Amino acid sequence: MSLEQFDTQCKSHFFQLVDTYGPNFVGKYNISEDEIRQALNRQRSTQEMWEFTKTFFELKGYCVSRTSFGFQLELIARTMASSPDDQFKLAKAIESFRSRAVLQGDVDNM
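Per my numbering, residue 310 is the first one in the sequence shown, and the count goes up by one each step.
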């Protein structure tokens, strides 16, 4: 799986969960060193590979932190800003969440 496909999967799950839990939801995803090497078609880990991957995910709107197994990627609805398409999907998820809140009389989440 490529980094682009991994990004697409994470964001798809994230938007579904924002739809369910609201705009305060924080999505945390992990990508292992092996997954990164496979995505970049590398045999060994290099500093350039780590830097490229970190930059790639930061430009996609993730907060990236290095772990002992790879990277932890965090998406926050309020600070995520990567593309117009992602912003549209995020807005639709939040709108859906708030519409359900109105129907259920959940004043705090309207």
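Every residue gets a Cβ at the ideal spot worked out from N, C-alpha and C, and that includes glycine.
All of these numbers come straight from a predicted model, not from anything done at the bench.
Residue range of the alpha helix (DSSP H) that includes residue i
i	result
L399	P393 to Q413
Q314	L312 to Y330
Rounded straight-line distance, which links the Cα of residue j to that of residue i
i	j	result
F315	M389	17 Å
Where residue i sits in the DSSP three-state scheme
i	result
R346	helix
K380	First, the amino acid is wrong: residue 380 is Phe here, not Lys. F380 falls in the strand class under three-state DSSP.
K369	coil
Beta-carbon proximity list for residue i, same chain, < 6 Å, skipping 5 on both sides
i	result
I403	P332
Y338	C319 and L382
Whole-angstrom C-beta distance between residue j and residue i, which should lie under 8 Å
i	j	result
M358	I340	About 12 Å; that fails the 8 Å criterion.
F380	T362	7 Å
Opening and closing residue of the beta strand (DSSP E) in which residue i lies
i	result
N339	V335 to S341
Same chain, Cβ closer than 8 Å to residue i, five either side skipped, listed in chain order
i	result
L326	F334 and G336
Y330	F406
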